[in-house]
Each structure stands twice: as C-alpha cells, then as structure tokens.
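Colleague: Got a structure for you, questions after.
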Amino acid sequence: MISSYIHPAFILIIGGLILPLLQGKWRSILALLLPLIALVAIWSVPDGNHYSISFLSYELEPFRVDKLSRLFIIVFSITAFAGVLYCYKQASNKELSTALIYAGSAIGVTLAADMVTLFVFWEIMALASTLVVWSARTDASWYAGMRYVLIHLLGGVILMSGIAAYSHETGGIVFTAMNLESLSSWLILTGFLINAGAPPLSAWIADAYPESSFSGMVFLSAFTTKAAVYVLLRGYPGTELLIYIGLFMIFYGIVYALLENDMRRILAYSIVNQVGFMVCGIGIGTELALNGAAAHAFTHIIYKALLLMSAGAVLYTTGKRKCSDLGGLFQTMPVTCTCGIIGALSISSFPLTSGFVSKSMMTQATADGHMLVIWLLLQAASAGVFLHAGIKFPWFVFFQEDSGLRPPEAPLNMRLAMIFFSFLCILIGITPGLLYQLLPYSVNFVPYTVGHVLLQLQLLLFSGLAFFVMLPWMQRTLTISLDIDWLYRKALPKVSEMIISILSVAGAYFGTRGQKITGILSDCVMRLYGPHGALSREIQTGFVVLLVVLMLGLYLLLYLITI
Amino acid sequence: MIMKQHWLYLPATRRKLWIAGISILVLAVIAEFFIHLHAYFSIVEFVGFYAVYGFMSCVILIVIARLLGLLLKRKEDYYDK
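These protein sequences, in sequence, are chains H and P. Residues in the first sequence are numbered from 150 upward in steps of one, following the numbering used here. Residues in the second sequence are numbered from 40 upward in steps of one, following the numbering used here.
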C-alpha cells in the first residue's frame with residue numbers, strides 16, 4: 150500500500166541528484182526550493198504509516214509520521230534551507246548536491262518505521278556526509294574523511310548485525326522502543342551511539358567536521374548526530390545507562406573545547422557536549438525529560454548551525470581558523486559578530502533565547518525526579534557551556550586583542566541565513582509555545598518564572614566572571630589534544646610498521662632456506678596447474694559427456710540399491 | 040601604519056566595562072532577597088548558591104582542563120609527522 154503523499158526524503162535525494170545537471174540561476178532556485186518542498190510535504194501529511202511495502206518476508210514501512218518524527222523533519226528541512234541559503238553562491242555543485250542528499254537521508258532515517266529502511270538511509274547518510282567532508286578538497290579533509298567513513302562503516306556493520314539478530318529473535322523488523330535484555334538491542338544501541346559521538350568513539354566529530362569546507366560543517370553539525378538522538382529517543386527512552394554516557398559526553402566536550410585553539414574544533418567538541426545533554430535526558434526518560442531532549446535537539450540544530458555559519462563566515466573571509474590568529478573582527482564584521490553572539494547566548498541557555506526554553510525542561514526533570522547529583526552536574530555543565538562556547542568562541546574570534554585583521558563583512562546570502570537563524574533563536578526563546586506544541590508529549594512546563602530566570606542569570610553571569618578572572622589560564626596555545634583517535638592514527642600504524650619490519654628481518658634471515666622451500670612449492674604448483682599440468686589439460690566434450698553418463702549411471706545404481 | 044584603536048579597546052572603556060559588569064553581578068545576587076524562590080533541593084536553599092556554584096564549577100573545569108592539558112596537549116603537527 151502506498152498512499153499519494155510524497156516522501157520528503159525522496160524529494161531531497163532525487164532533487165539532489167538532479168541538481169548537478171542544472172546551472173546558474175536554476176540550480177540556485179532548485180537548491181533553495183527542495184528543502185521548502187520537503188517542509189510543505191511533511192506539514193501536509195497526517196499522522197500514520199503511509200507506505201507499506203512487502204519485501205522478502207518483511208513489511209517495510211518507510212513513512213511513519215507522528216509528532217516525534219515530524220518535529221525532527223521540520224528542523225532538518227529548515228536547516229537544509231538555511232544551509233543552502235548560506236552557501237548557494239559560494240559552494241561547489243557537488244557540495245550542494247551531496248548536502249541535500251545528506252539531509253534527505255537523515256529525513257529518511259527519521260521516517261523509517263522498520264529497521265531495514267532505517268539501515269539503508271543510515272548508510273546513505275554515512276556516505277553522503279563523507280562526500281560533504283571531502284568537498285573542502287584539501288589533503289586534510291581527504292584523510293579526515295577517510296577516518297570518518299571508516300568509523301561510520303564500522304558503526305553500520307555493528308548496527309546491521311544488531312538488526313539481523315533482532316529479526317532473528319523477534320521475527321520482525323519493526324523499529325520500536327527496546328530494552329537492553331538481548332544481544333541485538335546492545336548491538337543496535339552501539340551502532341546508534343557511534344553516530345551520536347558517544348565514548349569511546351567521540352573523536353571523529355572534532356577530527357572530521359572542522360576539515361570540511363566553511364559551509365560543509367553547517368550541514369554536518371545538523372544531521373548525523375541529531376538523527377542518532379532521534380533513534381535513541383525512539384528506541385531507548387528511559388535506559389539508565391544513557392544518563393551516564395550523556396554526562397560523560399557533556400564534560401568531555403567542555404574540557405576538550407577549553408583546551409582547543411581551532412574555533413571550529415571548539416564548536417565540534419561543543420556538539421558532543423550538547424548531544425550529551427540530549428542523551429542524558431533520554432536516559433532519564435520521563436515525559437518532561439524526553440520532551441526536553443527532543444526540544445533541545447530542535448533548538449540545538451538551529452543555534453549550532455548559526456554558530457558554525459558565523460565561524461564559517463570568518464573562515465571564508467579571513468581563511469583562518471585558529472583563535473590565536475583571530476581577534477578584533479567585530480569592527481568590520483558586525484552582522485557576523487552579532488549573529489555569532491546570539492548563537493552563543495542560545496547555546497548557553499540565556500533567558501529569551503531558544504536554549505533556555507529547551508534545556509531547562511531537562512534540568513527540571515532531574516529536579517522532579519529528586520536526582521540531586523545529576524541535577525548538580527547538569528547545572529555545573531550549564532555553567533561550563535557558557536564558558537567554552539558562550540564566551541570563549543565569540544571572545545577569541547571577535548574581540549580579545551586586536552589581530553589587525555580587517556576582513557570584509559560576509560556576503561549577503563550568508564548574512565541573510567545568519568539573520569534568519571538568529572531570528573528563530575530569539576523567536577523560540579520569546580514564544581516557547583511555538584516549539585512546545587510540536588513536542589511528542591503535552592507540555593505542562595513554564596520556563597519563565599521570575600525565580601528561574603534570575604537563578605539562571607546568576608549561574609551564567611558568575612561563570613562569565615570566572616572566564617575573565619581566569620583569562621590568563623585560558624590563553625591559546627598552538628596545540629592539539631590527544632583523544633582515542635590516537636589509537637588508530639598513531640598506535641596502529643606504529644604497530645603495523647613494527648610487524649612489517651620484524652617480518653622483513655625474518656625474511657632476510659630465512660631468505661636462502663625460504664627460497665628453497667618456495668621453490669619446491671612452486672614446482673608442485675607448476676606441475677599441477679602449469680601449461681602442461683594435469684589440471685589444465687584440455688578435455689574433449691565427448692569425454693566429459695561420458696563422465697557425466699557414468700556418474701548418472703552410478704547415481705541410479707545407488708538409488709536402486711537403497712530402495 | 041598605525042591603526043586607530045577602536046574605543047572598545049581603550050583602557051578607560053575597559054575599566055567602565057568591568058565596573059558595569061560587577062554591578063550587574065551584585066544586582067543579580069541582591070535581587071534574590073526580594074523574590075520568593077522555591078528551591079528544588081534543600082541544600083541549595085541559600086542566597087547566592089547559583090552564583091557561587093556557577094563560579095566554582097567554571098574554576099574547577101578550567102583547572103581540570105589545564106591539568107589534562109599537560110597530559111594530552113601535543114604540537115599541532117603531531118599527526119603530520
């Protein structure tokens with residue numbers, strides 16, 4: 150059964166494939182229109198399963214619409230639109246096309262009601278995002294993209310084996326909430342968590358994303374990790390383990406961002422930090438916490454894209470990424486700077502911004518559940534977010550000591566995209582009802598009480614004080630920080646080098662004796678398979694027929710004997 | 040070429056910004072006396088808890104990052120060699 154509604158993922162994927170065939174104005178118009186068509190498509194579809202396709206012995210249901218999937222698709226399409234607006238004049242054909250396919254595959258994951266469809270879109274997402282990383286066309290992006298795709302293919306293999314085990318255990322492939330009582334659900338969870346940037350494999354985010362083009366990272370930040378948040382929300386709500394994984398991600402992100410000098414890596418670590426909040430909320434699992442995690446995914450996609458647009462504009466106009474090279478840019482890039490600050494305030498959950506109305510749902514959920522320790526950790530983390538992203542990013546890029554750089558303001562289309570997302574950050578912050586009505590559960594939560602606003606301001610303002618008091622300790626150094634990726638970037642190559650050198654020494658030692666043995670072996674092989682060997686002799690057809698007849702006769706005889 | 044310094048970088052402005060900032064911090068704490076608040080946990084039910092907690096959290100995070108940095112930081116071209 151296939152209804153007449155159009156699947157939004159196909160709009161973006163097919164549109165993305167057509168895009169390179171067009172040129173100039175038409176290419177721009179189509180690229181801008183595709184996400185909007187997807188948005189209208191998802192808006193006009195009622196809740197329910199709209200496609201149902203029999204495949205082997207399974208039912209594929211690639212088009213499940215409910216409040217949760219609709220929420221994610223709305224924000225995915227809006228971000229795809231803003232991302233295209235941000236770069237349609239500057240980005241290459243290939244980047245625009247792959248970015249749209251990438252967005253479409255994330256939407257496909259979100260709409261999949263069965264694991265097979267989910268897996269297919271999951272893998273398209275991995276490949277399309279790798280192409281987005283490569284679109285920077287630098288050596289660094291090539292190698293980073295290679296490492297990125299290997300991690301994601303590993304995640305895909307684990308997910309696939311989980312799905313195979315799941316269909317074996319349950320006899321079906323329906324994607325619903327699971328508990329951690331079987332091997333399959335552990336494998337599937339692992340596959341999901343790898344895409345979320347959970348430990349131990351968090352390093353790929355800060356490794357690959359910052360190497361993409363100035364605009365590529367805007368797309369990258371929005372889809373892969375948030376599609377993972379979506380599948381965790383759907384598959385593992387209330388799984389306690391996720392609370393601790395989330396907390397780890399939160400503090401990992403803060404500490405590494407504090408150590409970092411590259412502005413785009415700071416923001417990449419901050420993605421892990423923010424996804425940590427969502428994963429933690431999913432682990433808490435109450436309706437308020439799940440609403441909070443979903444709402445935070447929504448607001449985060451917007452303000453993180455905004456922050457990356459601002460950083461991307463700086464990279465585009467100055468060609469520099471390191472905090473130690475930047476500073477004083479507010480003088481010539483006022484719009485980029487203001488939009489960056491609005492994004493920074495939103496990620497820090499300042500009152501009147503979108504982050505405030507989403508994150509406070511999750512902290513409230515821990516208070517309601519009397520989880521004092523987790524509540525305290527989340528409050529400390531909120532302070533830490535302001536520290537590493539809220540102040541550190543705008544301060545070192547746009548203010549601090551004047552670097553003497555006087556780049557021009559970002560081009561018009563980039564400014565428009567930034568202004569659009571700044572507007573959304575504030576709009577959601579002022580009228581949270583707009584977002585709350587889209588959430589999966591009904592909301593009985595009032596973010597704006599005098600007390601809450603005041604206490605949040607206290608927390609953040611004094612974090613700000615700590616930043617400036619400790620500023621000498623925050624000075625940037627020309628360094629990178631080791632992470633788990635050291636294992637596959639440094640240790641493994643070293644080990645393999647060692648093995649090769651041992652083998653070559655051994656080869657030299659056993660050389661003469663080895664040659665004798667291999668000589669005998671190759672003689673044997675030659676005698677059997679060589680031009681005059683027994684096994685490569687040509688056989689005449691008649692002889693073969695005779696052999697077959699003999700064999701069939703023998704078979705008949707055996708058959709008659711056994712009756 | 041000597042570039043004209045933006046007014047934001049002048050020492051006088053910097054001093055004014057610090058004064059303004061600190062007054063806002065003081066106001067944020069004083070305001071708590073005039074507003075009836077409902078604390079979620081009894082141990083945090085004292086005036087200025089969030090201010091102290093926010094400040095201390097950040098200091099501790101910076102110190103932890105600094106210590107880990109001794110262990111984890113490498114030169115930028117570490118992986119290129």
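Even for Gly, the Cβ is constructed at its ideal location relative to N, Cα and C.
Taking H:Ile-354 and H:Ile-420 to be in contact with their CB atoms under 8 Å, please state how far apart those CB atoms are, rounded to whole angstroms.
Modeller: Confirmed, about 6 Å.
Colleague: Would the stretch 442 to 461 of chain H and the stretch 416 to 433 of chain H be scored as touching if the rule is three or more Cβ pairs under 8 Å?
Modeller: yes
Colleague: According to the Cβ coordinates, are H:Leu-494 and H:Phe-616 closer than 7 Å?
Modeller: no
Colleague: Can you tell me whether DSSP reads H:Ser-591 as helix, strand or coil?
Modeller: Three-state DSSP puts H:Ser-591 in coil, outside helix and strand.
Colleague: Taking the alpha-carbon positions, what's the H:Leu-308 to H:Thr-259 distance?
Modeller: 16 Å
Colleague: By the DSSP assignment, the alpha helix (DSSP H) with P:Lys-112 in it spans what residues?
Modeller: Where P:Lys-112 is concerned, there is no enclosing alpha helix (DSSP H), although the beta strand (DSSP E) it sits in stretches over 112 to 114.
Colleague: Could you list which residues in chain P have their beta carbon closer than 7 Å to that of H:Phe-611, in chain order?
Modeller: Leu-64, Ala-90, Gly-93 and Phe-94
Colleague: Below 8 Å on the Cβ atoms is my guess for H:Val-367 versus H:Val-463; work out the distance and round it to an integer in Å.
Modeller: The pair is not a contact, with the Cβ atoms about 13 Å apart (cut-off 8 Å).
Colleague: Under 8 Å, CB to CB, which of the residues in the stretch 67 to 80 of chain P have a partner in chain H?
Modeller: Ala-67, Val-68, Ala-70, Glu-71, Ile-74, His-75, Leu-76, His-77, Tyr-79 and Phe-80
Colleague: What did DSSP end up calling H:Asn-440 once you bin it into helix, strand or coil?
Modeller: helix
Colleague: With a threshold of 7 Å between beta carbons, is P:Lys-112 in contact with chain H?
Modeller: Judged by the 7 Å Cβ criterion, P:Lys-112 is in contact with chain H.
Colleague: To the nearest whole angstrom, what separates the beta carbons of H:Cys-574 and H:Thr-485, a pair I think is in contact under 8 Å?
Modeller: The Cβ separation is near 15 Å, so there is no contact.
Colleague: Who are the near neighbours of H:Ala-538 in its chain, counting only those whose CB is closer than 8 Å to its CB and skipping five residues on each side?
Modeller: These residues qualify, in order along the chain: Ala-406, Ile-415, Leu-416, Ser-419, Asn-422, Leu-456, Ala-493, Ile-496 and Ser-497.
Colleague: Please report whether the beta-carbon of P:Ala-104 lies at a distance below 7 Å from any beta-carbon of chain H.
Modeller: yes
Colleague: Please tell me whether P:Glu-115 has its Cβ less than 7 Å away from any Cβ of chain H.
Modeller: yes
Colleague: Who are the neighbours of H:Gly-600 on chain P, taking C-beta pairs under 8 Å?
Modeller: Ile-74, His-75, Leu-76 and His-77
Colleague: For P:Val-98, decide whether its Cβ has a neighbour in chain H, counting only Cβ atoms nearer than 7 Å.
Modeller: yes
Colleague: Does any residue of chain P bring its CB to less than 7 Å from the CB of H:Ala-566?
Modeller: no
Colleague: List the residues of chain P that H:Val-404 touches, going by C-beta distances under 8 Å, in chain order.
Modeller: Leu-100, Ile-103, Ala-104 and Leu-107
Colleague: Check the Cβ-Cβ distances between P:Ile-41 and every residue of chain H, and say whether any is below 7 Å.
Modeller: Note that P:Ile-41 scores a pLDDT of 49, beneath 50, so its modelled location is shaky and nothing firm can be said.
Colleague: For P:Lys-120, count neighbouring Cβ atoms within 10 angstroms of its own Cβ and tell me buried if that reaches 16, exposed if not.
Modeller: exposed
Colleague: Skipping 5 residues on each side, what residues in its chain have a beta carbon closer than 6 Å to that of H:Ala-352?
Modeller: Asp-632, Ile-633 and Asp-634
Colleague: Smallest Cα separation from H:Leu-276: which of H:Tyr-465, H:Thr-247, H:Leu-342 and H:Pro-500?
Modeller: Closest option to H:Leu-276, Cα to Cα, is H:Thr-247.
Colleague: Starting from the N-terminal side, write out each stretch of the alpha helix (DSSP H) that is 4 residues or longer and does not extend beyond the stretch 165 to 234 of chain H.
Modeller: 173 to 193
Colleague: For H:Asn-440, count the other beta carbons within 10 Å of its own beta carbon; 16 or more makes it buried, fewer makes it exposed. Which is it?
Modeller: buried
Colleague: Counting C-beta neighbours from all protein chains within 10 Å, is the total for P:Ile-41 16 or more, i.e. buried, or is it exposed?
Modeller: Residue placement at P:Ile-41 cannot be trusted, given a pLDDT of 49 that sits under 50; the coordinates are not used to answer.
Colleague: Tell me, please, which residues DSSP counts as bridged to H:Ile-151.
Modeller: H:Tyr-200
Colleague: Around the Cβ of H:Thr-598, are there at least 16 other Cβ atoms within 10 angstroms (buried) or fewer (exposed)?
Modeller: exposed
Colleague: Would you check if the distance between the CB atom of H:Met-567 and the CB atom of H:Cys-488 is smaller than 7 Å?
Modeller: For H:Met-567 and H:Cys-488, yes; Cβs fall inside 7 Å.
Colleague: Identify the contact partners of H:Phe-616 in chain P, using a Cβ-Cβ distance below 8 Å as the criterion.
Modeller: For H:Phe-616, the chain P residues whose Cβ falls inside 8 Å of its Cβ are Cys-97, in order along the chain.
Colleague: Using three-state DSSP, classify H:Val-323 as helix, strand or coil.
Modeller: strand
Colleague: According to the neighbour-count rule (16 or more other Cβ atoms, all chains shown, within 10 Å of its Cβ), is H:Lys-541 buried or exposed?
Modeller: buried
Colleague: Leaving out five residues on either side along the sequence, give the residues of the same chain with a beta carbon under 7 Å from the beta carbon of H:His-601.
Modeller: Ser-509
Colleague: Taking the beta strand (DSSP E) that H:Ile-629 belongs to, which residues open and close that run?
Modeller: 628 to 630
Colleague: Just curious, the alpha helix (DSSP H) that H:Thr-373 is in, first and last residue?
Modeller: 365 to 384
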